[in-house]
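J.: Residues in the sequence shown are numbered from 14 upward in steps of one, following our numbering. Pasting a structure below so you can have a look.
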Amino acid sequence: MDKIEVAKVQDVDILKIYGKATMKNSQAIADLMDKMNKTPILDLSETTYVDSTFLGLIAKYTMLFKKKNDEFITILKPTEEVLTCLRRTGILKFLIVVDKTLKISGKEVNVEKIDNKKLAKHILELHEILMNLNEENRKEFSRVVELMRKGVEK
């Protein structure tokens, strides 16, 4: 089952994602991260799948927190599939990866449905960030971003 839990350990927010991390739950995570002052930790030890929207979200916020707090987001014990996606898209070099997990007793985050227009803009923004990370991503995502822009502009 896909779910998100949030906990605070020693004044640091920890987000644990169970199951799939996709465009369906990325807005809820973005809303949480927008309210955080300290750089959060993402526990991806139970994350079975990440889509390109979620990868763009990680890229956006690790850069934001690097600028704000001079530290990258820490990822706890990502699964091999998640690690491969982070490496392939070039995001891995902007993260701290720790091969440990924490036992947290977190509060489940309610993932609310957002309207299609807002979701489309959110997905477009995250794909633009992902596309602009490197030349490989530009080749892979430029056509998708172009089509998304046309859809958002309607």
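No residue lacks a Cβ here, since even glycine has one placed at the ideal position from N, Cα and C.
DSSP three-state call for T92: helix, strand or coil?
T.: The answer is coil: DSSP assigns T92 none of H, G, I, E or B.
J.: Is DSSP giving G32 helix, strand or coil here?
T.: G32: strand per DSSP, three-state reduction.
J.: Between which two residues does the beta strand (DSSP E) carrying I54 extend?
T.: Here the beta strand (DSSP E) through I54 covers 54 to 56.
J.: If you follow the beta strand (DSSP E) that I109 is part of, which residue opens it and which one closes it?
T.: Residues 109 to 111.
J.: In three-state terms, what does DSSP make of K16?
T.: K16: strand per DSSP, three-state reduction.
J.: To the nearest angstrom, report how far apart V22 and E138 are at their CA atoms.
T.: Distance between the alpha carbons of V22 and E138 is about 30 Å.
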